[in-house]
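In the working numbering, the protein residues as written are 28 to 199. Notes for the one structure printed next.
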Amino acid sequence: MLLKYFAPDLYVKSIYDIDLQALKKQGVTTIITDLDNTLVEADSPDYTPKLIKWLDDLQELGFKVIIVSNNNKTRVAEFAEPLTVPYIHRAKKPTKAAFKKALQILKSSASETVVIGDQLLTDVFGGNRMGLYTILVIPISEKEGLGTKINRSIERIILPWMKKRGLITWED
Ligand SMILES: [Mg+2]
28 MLLKYFAPDL YVKSIYDIDL QALKKQGVTT IITDLDNTLV EADSPDYTPK LIKWLDDLQE
88 LGFKVIIVSN NNKTRVAEFA EPLTVPYIHR AKKPTKAAFK KALQILKSSA SETVVIGDQL
148 LTDVFGGNRM GLYTILVIPI SEKEGLGTKI NRSIERIILP WMKKRGLITW ED
């Protein structure tokens, strides 16, 4: 069924609601994360102390992390470089190329990798096409570009449909 490609394996409020210990126990070693509205607001240049703590936690638990974003180089580099997190910009999610490149950079396999993102049509769809474990978060901010707004109107139809049919596990 086609729609299963849009169903995340896990749906949580925010990155801070992800049980990192549980991921580790599942054998996850690698996290591919979206940037805008997943880690911080889409138009916010700044990382928060809470985010830094989260990244520290990831490191302490031994996870490898990479930011894979469809946004431009300036935006992604300015955010990721001070944090010394590797990144791929203009990723063209949901196409597979950037995900493959991310796995290559971190020397990880698909079976040990999760994708975290706030969009069904880019992050979740792309991750599922690659056979990665996908985690959907609620977008941090409602401020977003036109392309994203169009994607959102599609999400508003697909998400309730999938919830109703038990395709999505919501963890509160
Ligand atoms: Mg996003």
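Just so it is clear, CB atoms sit at the ideal spot from N, CA and C, and this is done for glycine as well.
**Study point:** Residue span of the beta strand (DSSP E) that contains ASP144, given as start and end
**Key:** Going by the sequence as given, residue 144 is Gly instead of Asp. Start and end: 140–144.
Review point. Any idea which residues DSSP pairs ILE94 with across the strands?
Key: DSSP lists THR60, TYR114 as partners of ILE94.
Review point. Is it the case that the CB of ASN64 approaches a heavy atom of ligand 1 more closely than 6 Å?
Key: Yes, the Cβ of ASN64 comes within 6 Å of a heavy atom of ligand 1.
Review point. Just to confirm, does ASP61 get its C-beta within under 6 Å of one of the non-hydrogen atoms of ligand 1?
Key: At least one heavy atom of ligand 1 falls within 6 Å of the beta-carbon of ASP61.
Review point. Is the region 114–129 touching the region 41–53, taking contact as three or more C-beta pairs under 8 Å?
Key: Per the Cβ contact rule, the region 114–129 is not in contact with the region 41–53 (fewer than 3 Cβ pairs under 8 Å).
Check your understanding: Are the beta-carbon atoms of VAL95 and ILE59 separated by less than 7 Å?
Key -> In this structure, the beta-carbon distance from VAL95 to ILE59 falls below 7 Å.
Review point. Is the closest heavy atom of ligand 1 to the C-beta of ASP145 under 6 Å?
Key: Checking every heavy atom of ligand 1 against the Cβ of ASP145, one is found closer than 6 Å.
Review point. Near GLU68, which residues of its chain fall below 8 Å by C-beta distance, leaving aside the five closest residues on each side in sequence?
Key: ILE167, SER168, LYS170, listed in sequence order.
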